[in-house]
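*Asks:*
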Amino acid sequence: VLAYGSVISTYILILIGGYVTTSGSGAACGSSSGAESWPYCNGSIFPDLNNQAQVIEYTHRVFNLVVAFFVVGTAILAWTRYKSEKSVVVFSTASFLGLFGQVLLGMITVTSDLNPVVSAAHLGLASAVLAVVVVNAVMVWNLQRNMSQFSR
């Protein structure tokens, strides 16, 4: 379930990120002002709920916690329950590291005034993370299917 949740939540996060970009909300919580703009929203823990652009940008940030729950949960299961399945461990670990890289690139995107190169790298890594979580979910599905056939 966690591996499948990783796929669905990562895809949704990419869609939200696309909406942040196309709605022009990427700098709504501030930019290039360090701690004022990230992880905070213009120095506040929460966005101004009357400011739609801030809410859109902040939703993208907060939804990352949903993705983190699934990706980290999948990695923990891989490292403990499926540690003999090297491919699942490798792809789960790659998902975890990719997510960590995405958080860093997201921060740099905001603090670099939405630098186009950084923004493109952020989208590129997001696409790679999605590919990795999809492959991992397929491997977990195959593993579970093979285990259930073996137990019959």
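So for the sequence shown, my numbering puts the first residue at 507; every next one is plus one.
Idealized CB from N, CA, C, for every residue including glycine.
#1: For the 8 angstroms Cβ check, are there 3 or more pairs between the region 557 to 564 and the region 577 to 591?
#2: Cα separation between Arg-658 and Ala-643?
#3: What is the DSSP secondary structure of Ser-633, counted as helix, strand or coil?
#4: If I'm right that Ala-581 touches Ser-598 with Cβ under 8 angstroms, what's the distance once you round it to whole angstroms?
#5: Quick check on the DSSP output: the alpha helix (DSSP H) that includes Tyr-517 runs from which residue to which?
#6: Using the Cα positions of Val-577 and Asn-556, report the straight-line distance between them to the nearest angstrom.
#7: Provide the residue span of the alpha helix (DSSP H) that contains Arg-567, from first to last.
#8: Given Leu-649, which residues of its chain have a CB within under 8 angstroms of its CB, disregarding the five upstream and five downstream residues?
#9: Does the beta-carbon of Leu-519 have 16 or more other beta-carbons within 10 angstroms, so that it is buried, or is it exposed?
#10: Less than 9 angstroms between the beta carbons of Leu-636 and Leu-611, yes or no?
#11: Any idea what DSSP makes of Ser-654, helix, strand or coil?
#12: Given Leu-620, which residues of its chain have a CB within under 7 angstroms of its CB, disregarding the five upstream and five downstream residues?
*Replies:* According to the data block:
#1: No: the two stretches stay apart, fewer than three of their Cβ pairs being nearer than 8 angstroms.
#2: Here residue 658 refers to the residue found at position 152 of the sequence shown. Here residue 643 refers to the residue found at position 137 of the sequence shown. Residue placement at Arg-658 is poorly supported in this model, since its pLDDT is 49, which falls under 50; the coordinates are not used for a value here.
#3: The residue given as residue 633 occupies position 127 in the sequence shown. If DSSP states are grouped into helix, strand and coil, Ser-633 belongs with the helices.
#4: Within the sequence shown, the letter at position 75 stands for residue 581. Within the sequence shown, the letter at position 92 stands for residue 598. Rounded, the Cβ-Cβ distance is 4 angstroms, consistent with contact.
#5: Residue 517 sits at position 11 when you count from the first residue of the sequence shown. Element bounds for Tyr-517: 508 to 528.
#6: Counting from one through the sequence shown, the residue named residue 577 turns up at place 71. Counting from one through the sequence shown, the residue named residue 556 turns up at place 50. Spanning the two alpha carbons is a distance of roughly 32 angstroms.
#7: To locate residue 567, count along the sequence shown from 1; it is residue 61. Where Arg-567 is concerned, the enclosing alpha helix (DSSP H) stretches over 558 to 586.
#8: Residue 649 sits at position 143 when you count from the first residue of the sequence shown. Within the same chain, Leu-649 has close Cβ partners Tyr-588, Glu-591, Val-594.
#9: Residue mapping note: residue 519 aligns to position 13 of the sequence shown, counting from 1. By the 10 Å Cβ count, Leu-519 comes out buried.
#10: Counting from one through the sequence shown, the residue named residue 636 turns up at place 130. Counting from one through the sequence shown, the residue named residue 611 turns up at place 105. Not in contact: Leu-636 and Leu-611 (Cβ atoms no closer than 9 angstroms).
#11: Position 148 of the sequence shown, counted from the first residue, corresponds to residue 654. Three-state result, Ser-654: helix.
#12: Against the sequence shown, residue 620 aligns to sequence position 114. Around Leu-620: Gly-532, Ala-533, Ser-537.
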